[in-house]
Structure formats: C-alpha cells, structure tokens
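Let me begin by presenting the structure, written as structure tokens, before commenting on it.
4 protein chains.
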Amino acid sequence: MDQAAKNQPEASTDNGSKREITKLQNRQAILEAAAEVFAEVGVGAASIREIVRRTDLASGTFYNYFTSKEDVFQALLDESALSMRPELKAERLAATSIESFIEGCFRVFFDYLVSDQAMFAVLRRNSGALRVRMHTPQMLVAFEELEEDIERAIGQGLLPDIDTDFLTSALIGVAFEVGDRLLRRQSPDPREAARFATALTLGGVKALPLKKTSVAKT
Amino acid sequence: MDQAAKNQPEASTDNGSKREITKLQNRQAILEAAAEVFAEVGVGAASIREIVRRTDLASGTFYNYFTSKEDVFQALLDESALSMRPELKAERLAATSIESFIEGCFRVFFDYLVSDQAMFAVLRRNSGALRVRMHTPQMLVAFEELEEDIERAIGQGLLPDIDTDFLTSALIGVAFEVGDRLLRRQSPDPREAARFATALTLGGVKALPLKKTSVAKT
Amino acid sequence: MDQAAKNQPEASTDNGSKREITKLQNRQAILEAAAEVFAEVGVGAASIREIVRRTDLASGTFYNYFTSKEDVFQALLDESALSMRPELKAERLAATSIESFIEGCFRVFFDYLVSDQAMFAVLRRNSGALRVRMHTPQMLVAFEELEEDIERAIGQGLLPDIDTDFLTSALIGVAFEVGDRLLRRQSPDPREAARFATALTLGGVKALPLKKTSVAKT
Amino acid sequence: MDQAAKNQPEASTDNGSKREITKLQNRQAILEAAAEVFAEVGVGAASIREIVRRTDLASGTFYNYFTSKEDVFQALLDESALSMRPELKAERLAATSIESFIEGCFRVFFDYLVSDQAMFAVLRRNSGALRVRMHTPQMLVAFEELEEDIERAIGQGLLPDIDTDFLTSALIGVAFEVGDRLLRRQSPDPREAARFATALTLGGVKALPLKKTSVAKT
DNA sequence: CATGAATGAGGGTTCATTCAT
DNA sequence: CATGAATGAACCCTCATTCAT
C-alpha cells in the first residue's frame, strides 16, 4: 500500500508529522503481532482478536489499517517476499554459466530466509502432527522466471532437453526443504547450503564433494 | 454387563449386524466430509460443524466417532499414509544398488500419491495466495528411515560422505514438489517421475537423459 | 443382559427370580451413583449421563427405573429419611419429661446422621464458596410434629409461653449445624451431641456443664 | 494508548460519561437477573444464557462483565454479605458483656437479612422437595471470629468451658433458621429475633420470657 | 428388559464487526 | 483517528431422550 498516494487536498503534512509516525507504528505493530499469531496457529485458525490482543491497540483500530486477517497476511507477504525479487533478477543477469546461475538463485533464496527468519516462521508451522509449507505467490513467480531461464538454456543447448516442469519443481522442493533445515541449524550458512543444493541438482549425489567440516545439527 | 447372555445363534454383536454396518458407514461419511473440508479451507479453519453439515448426521453424532477435528485429521492420515509404510520397507529390502533403492522409494511414494489423490488433496491446499504443503509424520518417518540407510551406505563407502541432513531434506523436497506436479498432469506416470527424481538426485541435471516423450502439462 | 428371561410372558416369578434380583441391583446401583453425583455437584448441576456413567448400565436403562434425576433424588430421600420417622415417634411417646423428650429427638436425629453419613453427604455439599444444607420434607414433617408437641407442652404449663415458631426453627438449626460438625469428627458421638444440644437449648450456655473430655476436632 | 489525547472538556473517562453509566447499569442488570435465576433454580442449575435472557443485553455482553456464573455469584456475595462485616466488628468492640456481645451479633445478622431480603432469597431456595441454605464464606468467617471471641471469654472465665466447636455451630444454626422464619413474617422484627436467639442460647428454653405480643405467621 | 448410537435442543464461549464517545 | 462495549451469529460440546437391535 502506497501511503504517498493518499495525498489529500489541503497539504496534510504527509511526511514526519507525529500523526503519520503513529500510524506507521500502529500498522507495524499489527503486522508483527499477526506474524506471531500466524506462526503459532496458522492463518486459518488465527483470529483478528488474538492479533489485536498482542497489540496496545483497541479492537476497532484494526479496521483502520486492514479489512481482514487475509489482508494482513497479504501485506506480510508483500512486505517480505517482494524484497527478494530484485536480487534474484540481478543474480540471473550476472550469471556466466549454468552453475553460477543456479547457485546464485539458491544463494539469494537462502540469504533471504536467514535474514528474515521471523517472516519465514509464519510460513513454516509445526502444529501437532503436521509440518506446513507455504509457497507465496512471489516465490512462485520467482521460480517461474527460473523455469523460463532453464528453458532458454535448453534451447541454447546448455542443458539436456529435460522435463523442465519436473526440474523446476525439484529445484523448488530442494530450496524449501534444505532452507528449512538450514534455519534450524545453530549458525546457518546460506553459502554452504547453496553450494550443496547446486552440486546435488547439477552433479548428482555421486559427484557431491566430501564433507570437510562438520556442521552443527539440531 | 452380562457377557454370557450374548450367546445367541449365528455370531453376536461384532461383525455384520445392521448396527455395525451403519457405524462404519457413518465413520466413513465423516472422514470423507472432513477430507473435503480440510482440502478446501485447511485444518485450522475447518469447523466440526461444517464437516457434519456435509453429512446427513446430527451434530452430536460426530462425537460418537471422534473427539475433535484434529482427531479426524489424524484418522485420515493413519488410514491413508500408513498404508505406504510396508511397501517402502519391502522396496528397501529388495534393493540391490543405491540406484534401485532410491528409485524404489520415490516410486512407492508417487504410486501412493496417484492412487490416493483425494487424500493428498487434503495435504495440498491452494487457497488464495498460498500453496500449502503438509508433511505427515508418516512421511517424515519414511524419510528418516531413508536417512539411516543413507548413512549406512556412506559408512560402507557406497556414497560420498555428504551432509545427510541436507540430502534427506532435499530428497523430501524433490519428492513433494515433483509429486505435486505429477498430480496435476492428465495422465500421471509415477514410474517416469521416479526415474526423473532418481536421475536428478543421483546423477545431477547434466546427466539427465533427453526427454523422449512430450508430456501433457497443466 | 438376561436375554433368556424374555420368553415368559405369563407368570413372571416375582420373588427371587434372577430377573428380579438383577432389577433390584440395577436400581440400587443407580441410586448409589446418583448419591455420589448429587454429593459432588449438587442436584441442580447433576446430569443423568453422569449418574449412568458411574454404573455398568447403558444410558437407556436408566429410564426403566426412573424418569428424571429429580425422581432418583426423591427416591433417595424416601429411602433414607423415612426410616427416621418411626423412631422419632417412639421417642416422643416414651418421653417422661421435656428434657428427655427433646434429648430423644436430638439423639434420633444424630444417630440417623451418623449411621447414614453417605446419604447425608448428598444433603451437605461443599462446592467452592458454599456450604449447602437441604431440609428434606421428611425432616420438616418431623420437626413440625415437634412443634405440635411443644405447643402442647406450653398448653400444659410445662414450658413458658414462648414463640414456638422461632423455637422450632432454632431447634432445627441447632440440629443441622451441630449434626454437621458431628459428622466431621473422627469418632462422632451422637449421644454427646444430643446432650450438648439439649443442654444448650433447655438451659442455655451458662448452664452448660464443663467439658470433661477433650474431643477430636477436624 | 495515548492518555494525553483524552483531554477533552468536562472530565474524562472514569466518572459520569454516558459509557460509564451504561456499564454500571449493565453490570447491575446482570447481577439482578442472576439473583433471580439463582433464587429460582439454584446456582448449579442456573445457566448464563438464562441470566442474560432476563436482560436486554446480547449473550456475548455477559462476558464483558463476568467470566462465569460462579463469578457473578461471587460478586453477589461480595456486594451483599461483605457489608455486614464492619458492623459485626463494631458490635463486638462495643459489647460490655457476653449478653450484649452475642445479642449484638444476632442483631446485625438479622438486620442484614431483613434489609437485603432479595439477596437472601438467592441463598434460600425452596425448589420441589428441598429447602436449601448456603453459608457464604463471609458468614463463616464472621462466625469464626465469634468462635475466637467465645474461646477468649472461656479463657477469662466469663463462660463455662464448653465445646466451642458445637457452640459456634449451634449459634450459626439458630441464626440461619430463626432468620429464615423471620423473613417469612409480614413485619419482621430483627430486634425481637435477636432477643429470642440470645435468650435461648444464653439462658435456655426455661429461662425464656413469656410472649407478650402475638406475631403474624405465614 | 438392556444396549448404546442417533438426535437436536441448548448451554458456554469466542468472534468479527459496528459505532457512540 | 482511537477506543472498547455491544451485538448476535456461529462454534464447540454435552445432554436428555428415543428406539432399533
């Protein structure tokens, strides 16, 4: 939501007025509380009341900022996942080989996970018997662009003519699950994870290098 | 309760009496309705009332069979996923090489997905902006056994000394995402998917064979 | 479940047949379970389900014996309190003085309490902040007869012309509360309690004898 | 919550604003409805819904004021019975003899009953076969203090060394039952009742004065 | 008669949402 | 804008009672 767009007639100080600051703080408070609740009970079971309860705000105030919990959730996704897009694109442009290209994608993704663990917790609930993963639209879009790149690489003969559908899915799957494991380590190393994922998918298990360093596991 | 009194002619209370049949039918009706609701709105947002509503039972009847929606959900998992376990074990025992072993695992999993798509729909919700994946405990157990096997293979020098943590995660990720894609195809071929996943993870992208047949995509 | 018994329409053996015995046992089981439940949560909050649950019987069976929880409760009162009536009357007839008469009444009442503590527990609930006392109709009737006797004694000049209304109430109150205390003692002595209550009401505090023996208190 | 922002003209949030008035009225409405229901069916059988139904409030509103029916009940007790405590204490301090002391206690209690009959109705249900009495914690505490005073009097030789346990119980019993009778009279006279109860317990039946006035009875 | 599953009314409680202050 | 009480729908669950077996 572009706050700037709200420019109303008579020059309401839109920049640093105390009012505007409070508004941003309130909005942020709701977003953070919502992230907590979503992470704890899932979006489906979350309630607006519970979100507001973890805030200093009154229940009615919620509706000055959002219209529903889905609305907050979308805002959370937008704020968080969108930030990954430009870097992915940059990585793609900078890549000089298929290896560096794929490894770059993995790395951006893992960096993003590690730097925004709080947000990822929302997408990664362990409730009772279940582990839940959510693919945000942004992620899907990112990986769709990857798919296009792969198809281009195949067209240019850089890659064998494989099932791109399956391949993209497999890459996403590897990214998510390895990313999840990564987050549970005590000192997560996105670079190492990216190297692993790239080596696995490009070279296969048999070509994977020997482990040199022991890694902390949960 | 006088047990002796049950001595009536042809076999007593437990097998084919009308009562017992009705009970099984009711239980099944609840399970099916629950699978529907879970698939539509997720376990978190599902309500017992909604489940019962899709049944011709009275609301209170639900509690003659289950104690909560989580209980139904667990029953769904048990009924469905548990059936995969014996086959996984058989596959493991029959394997003569690391290739056949891993491919066997993938195949059992994909077969299971295809043969029980309804159940998998519960675990695979596309609601609004999200795609949700659930890892059932059974699946985790299955893949944990796989992890042990991998570690044993490493110990015997059959595989390089890689990060088994990451590897297992990656295998699970591939299985899930490729499985998901598989289910969206018009004539899903579990065998082909298993071959793909095995080749990818064992041999890497570069060693993947050329596609021979074009496959219908969604 | 005595299935066999169904076969005999005419000439149901009414005395010692297995059927009749079972019926009595069932009835008794319900009464005892009900006494328990009433004692724990009170008649108002008690539920038939809970009563039946403490029984080996099926829920429907309850209705072969009683029609409601109030019905069971009435049966409990009848069984228990009615037994006190004849003794009270006997005591009254045997009394040769006002002292022996009042003391006799108290003693019958306290004897009854001690010998039937389980029943009295029903009438004496301690739930949360409350101590509840119930006056059964039988008790009221018993004390109303007492009132008549007192009025007669006044008419004959054996007692001063006091407020019989208040006096009867006071006697009932003393009986109930002293009885309650009595029941909480480790070795309750109805005779001592009766002596105390009689001395108090007839002679007043100042005329009460010195305590000779120390009494166990809760 | 910005407290400063509330600085509007005539006094802020806590005293006479329309909101605050309504809140008090609603709370009172619930309390009164609850007293009615409790008096009719008892606390155990009372339902929150029935309480709210006798109010023009919505069902959910109840929970803005209380958390359970027990909570309302406790509020009723607190509002009502606690008010008796200070007067009891005053009476005790002012007493110059054992007679005036005990009579004072009785009088405060009877005054309280008469002046708050509605509240006492809650504690005094006649439903079907039963008459129920409740001893609130406040009353028990009040009488326990009395017990201490009695023990002190015995220590000082002002009273014979009697069973204080029984004596306190007896006093409570007399207070309750005589109080109950008192309330059913058309023009209840707490002073007369207190005199009667004191004379009975201190002097015994035989020492009771002759009745001078006939009293209306129910 | 005993059984125990089915029924649906009803009670407890939470919730999203509104709106006077 | 913020507040937070009121609202009533809807949820969870238990219950009394019936009735086919």
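Chains as they are written, first to last, in the working numbering: chain W, 789 to 1006; chain A, 789 to 1006; chain E, 789 to 1006; chain V, 789 to 1006.
For every residue, glycine included, the Cβ atom is placed at its ideal position computed from N, Cα and C.
Note that the coordinates shown come from a computational prediction; the quantities given were computed from them, not determined experimentally.
* Taking one C-beta from the stretch 969-978 of chain W and one from the stretch 969-979 of chain A each time, how about it: are there three or more such pairs within less than 8 Å? -> no
* Coil, strand or helix - R880 (chain E) by DSSP -> helix
* Asked: Could you give the residue range of the alpha helix (DSSP H) that holds A830 (chain A)?
  -> Reading off the sequence, residue 830 (chain A) comes out as Gly, not Ala. That run of the alpha helix (DSSP H) goes 806-833.
* To do: Would you mind telling me which residues of chain A sit closer than 8 Å to L966 (chain W), beta carbon to beta carbon, in chain order?
  => This sequence places Val at residue 966 (chain W); Leu is not what is there. Correct list: F954, S957, A958, G961.
* **Other residues of its chain near E808 (chain A): CB distance less than 6 Å, five sequence neighbours each side excluded** => none
* Residue environment, Y900 (chain W), which counts as buried when at least 16 other CB atoms sit within 10 Å -> buried
* Asked: Going along the chain, which residues of the stretch 889-914 of chain A sit with their C-beta nearer than 8 Å to a C-beta in chain W?
  -> none
* Asked: Assuming A906 (chain V) contacts G892 (chain V) under a Cβ cut-off of 8 Å, what Cβ separation, rounded to an integer in Å, is found between them?
  -> Contact doesn't hold; Cβ gap of about 25 Å is too wide.
* To do: Tell me whether R842 (chain E) sits in a helix, a strand or coil according to DSSP, three-state version.
  => coil
* Asked: Which value, in whole angstroms, describes the spacing of the CA atoms of E1042 (chain W) and A833 (chain W)?
  -> Because chain W here runs from 789 to 1006, residue 1042 (chain W) falls outside it and cannot be looked at.
* Are the beta-carbon atoms belonging to G991 (chain W) and L990 (chain A) less than 7 Å from one another? -> no
* To do: Kindly indicate which residue of V:A909, V:F964, V:F889 has the alpha-carbon position closest to the one of E875 (chain V).
  => V:F889
* Asked: Considering only C-alpha positions, which residue in the set W:E879, W:V831, W:L970, W:D953 is nearest to K857 (chain W)?
  -> W:V831
* Asked: In three-state terms, what does DSSP make of R837 (chain E)?
  -> helix
* **Simplified DSSP assignment, three categories, for R973 (chain V)** => coil
* Have a look at E:L946, E:V860, E:L947, E:T952 and flag the residue whose alpha-carbon is nearest the alpha-carbon of E935 (chain E). => E:T952
* C-alpha gap between F826 (chain E) and Y853 (chain E), whole angstroms -> 18 Å
* Asked: Just how far apart, CA to CA, sit F931 (chain W) and T810 (chain W)?
  -> 37 Å
* Asked: Closer than 9 Å, Cβ to any Cβ of chain E: which residues of the stretch 816-843 of chain V, in chain order?
  -> V829, G830, V831, G832, A833, A834
* Starting from P978 (chain E), follow the alpha helix (DSSP H) in both directions and report where the run begins and ends. => 978-991
* Asked: Buried or exposed: which applies to K806 (chain E), given that a residue is buried once 16 or more other Cβ atoms fall within 10 Å of its Cβ?
  -> exposed
* Compare the Cα-Cα distances from L947 (chain E) to each of E:L988, E:I886, E:S957 and report the closest residue. => E:I886
* Asked: By a C-beta neighbour count over all protein chains shown, 10 Å radius and 16 as the cutoff for buried, is G848 (chain A) buried or exposed?
  -> exposed
* **Below-7 Å beta-carbon distance, R979 (chain A) vs any chain W residue** => no
* What are the boundary residues of the alpha helix (DSSP H) that includes Q944 (chain V)? -> Per DSSP, Q944 (chain V) belongs to no alpha helix (DSSP H) and is neither H nor E.
* **Cβ neighbours of A981 (chain W) in the same chain (closer than 6 Å, five flanking residues each side left out)** => F898, V966, L970
* Is it buried or exposed for D844 (chain A), if we count other Cβ within 10 angstroms and need 16 for buried? -> exposed
* Asked: Around the Cβ of T855 (chain A), are there at least 16 other Cβ atoms within 10 angstroms (buried) or fewer (exposed)?
  -> exposed
* To do: Just grab the DSSP bridge partners of M907 (chain E) for me.
  => BP columns for M907 (chain E) are empty, so no partner.
* For F910 (chain V) versus G961 (chain E), is the C-beta distance shorter than 7 Å? -> For the sequence presented, residue 910 (chain V) should be read as Val rather than Phe. No, the pair does not count as a contact, with Cβ atoms beyond the cut-off.
* Anything in chain W within Cβ reach of F984 (chain A), meaning under 9 Å, just list it in chain order. => I950, D951, F954, L955, A958
* **Inter-residue spacing [alpha-carbon to alpha-carbon] between M922 (chain V) and D949 (chain V)** => 30 Å
* Ordered along the chain, which non-local residues of its own chain (more than five positions away) have a Cβ less than 6 Å from that of V860 (chain A)? -> A822, F854
* Asked: Out of curiosity, what's the CA-to-CA distance linking K877 (chain W) and L955 (chain W)?
  -> 19 Å
* With DSSP run on the structure shown, which of helix, strand or coil describes A1004 (chain E)? -> In this predicted model, A1004 (chain E) has a pLDDT of only 45, less than 50, meaning its place in the structure is not dependable enough to derive any value.
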